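Residues 1 to 238 in the working numbering are what the sequence shown lists, from first letter to last.
For glycine and all other residues, C-beta sits at the position ideal for the given N, C-alpha and C.
Please read all numbers here as calculations on a predicted model, not as lab measurements.
Take a look at the structure below.
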Amino acid sequence: MTDIASNAPRATRKILIAGGGFRTKFIGYMAQLTGKSRPRICFLPTASADAPETSIGFFQACAPLNVEPFVQNVFIESLSQTQGWDEVLLSADAIVCSGGNTLNQQAIWKAQGIDVVLREAWDRGIVLGGASAGSLCWFEEGTTDSRPKALSIVKCLGFLKGSHSPHYDAEAGRRPLYHKLIGSGEMKPGYACDNDAGIYFEDNAVKRVVHTRADAKVYYVSVENGKVTEKVMQPEML
């Protein structure tokens, strides 16, 4: 377990998510949210098993921006990883988490104490975000393709209350499963995001709904009068 002395004053807690496609425009918006002229943005590719191509894609997305990008892998060994997770992650102005396997991501973070560090980062006002596994991870629960054979439920960090479904327009099984789980009470109501669409939260309040593609949408999915309903949340173009 990572031991962190939380002496920093409480800041506005910020999370920016997308259903898929957390590229230059989303990272640029995240940079703005830090309030820094040249923010340090950490990429945490745990869900992709630290796949080099995901880190390369992150650096390419950052190239047009006035940011200082860096990567923190988790498949490390002690002699070369001389800084603790808290030293690295709490030095960032923003943290982007990759897509990939959410179930494995959560297990590794818990085993390494990274979940505790990320909570401290959130409390300190470090901007957190990502798409796919990098959006799902911040909620209490959501739908995932992390297990064999079929989409299923995954429990996550719970910083954001409720549930989440990424890739809502890109994978045919997402919408019917999300409706079924929410309708049956197996999953809490929550937010569904198409690829290229997302939400900026301060604490647990939706502050802005955004997209980078005109037809990409965000929905709040809940049960009203015994029926599952989708309410479209009007996005602004980034």
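What did DSSP end up calling Glu186 once you bin it into helix, strand or coil? As a position in the sequence shown, residue 186 is number 186, starting the count at 1. Coil, per DSSP.
Phe58: first and last residue of the uninterrupted alpha helix (DSSP H) it sits in: For this step, residue 58 is matched to residue 58 along the sequence shown. Its alpha helix (DSSP H) spans residues Pro52 to Cys62.
Let me check understanding here. Comparing Cα to Cα, which of Leu181, Gly185, Ala51 and Asn225 lies closest to Val74? Sequence index remark: in the sequence shown, residue 74 carries index 74 (1-based). Closest option to Val74, Cα to Cα, is Ala51.
Determine the burial state of Phe201: buried for a count of at least 16 other Cβ atoms within 10 Å of its Cβ, exposed for fewer. The count along the sequence shown starts at 1 and reaches residue 201 at position 201. By the 10 Å Cβ count, Phe201 comes out buried.
Just to confirm the assignment, what range does the beta strand (DSSP E) spanning Val272 have? As displayed, the chain neither begins before 1 nor continues past 238, which places residue 272 out of reach and without an answer.
Between the C-alpha atoms of Val228 and His179, what's the straight-line distance to the nearest angstrom? Indexing the sequence shown from 1 puts residue 228 at position 228. Indexing the sequence shown from 1 puts residue 179 at position 179. Near 6 Å, if we compare the C-alpha coordinates of His179 and Val228.
Neighbourhood of Gly190 by C-beta distance below 6 Å, restricted to the same chain and skipping five residues each side: As a first step, residue 190 must be located in the sequence shown, where it is residue number 190. Around Gly190: Gly162, Ser163 and His164.
Taking Phe26 as part of the beta strand (DSSP E), name the residues at either end of that continuous run. For the purposes of this step, residue 26 is identified with residue 26 of the sequence shown, where counting begins at 1. No beta strand (DSSP E) contains Phe26, which is instead part of the alpha helix (DSSP H) from Thr24 to Thr34.
Is the beta carbon of Ile108 less than 8 Å from the beta carbon of Thr46? Here residue 108 corresponds to residue number 108 of the sequence shown, with the count starting at 1. Here residue 46 corresponds to residue number 46 of the sequence shown, with the count starting at 1. Yes, these two residues count as a Cβ contact at 8 Å.
Could you tell me which residues DSSP puts in a beta bridge with Thr46? Locating residue 46 in the sequence shown gives position 46, counting from the first residue. Thr46 is not bridged to any residue.
Can you say whether Ser132 is buried or exposed, counting buried as having 16 or more other CB atoms within 10 angstroms of its CB? Within the sequence shown, residue 132 is the residue found at index 132, counting from 1. So Ser132 counts as buried.
Beta carbon of Gly198, beta carbon of Ala18: below 8 Å? Position 198 of the sequence shown, counted from the first residue, corresponds to residue 198. Position 18 of the sequence shown, counted from the first residue, corresponds to residue 18. Closer than 8 Å, so yes.
Secondary structure at Ser135, three-state DSSP: helix, strand or coil? Reading the sequence shown from its first residue, position 135 is the one you call residue 135. Ser135: helix per DSSP, three-state reduction.
Does the beta-carbon distance from Arg295 to Asp123 come in below 8 Å? No information on residue 295 is available, as it lies outside the stretch 1 to 238 that the chain covers here.
Ignore the nearest five residues each way along the sequence and tell me which others in Gly125's own chain have a CB closer than 7 Å to its CB. Translated into the one-based positions of the sequence shown, residue 125 becomes position 125. For Gly125, where only same-chain residues beyond five positions count, the Cβ hits under 7 Å are Ala11, Thr12, Arg13 and Lys14.
Go ahead and pull the three-state DSSP assignment for Thr229. For the purposes of this step, residue 229 is taken as the residue at position 229 of the sequence shown. Strand at Thr229.
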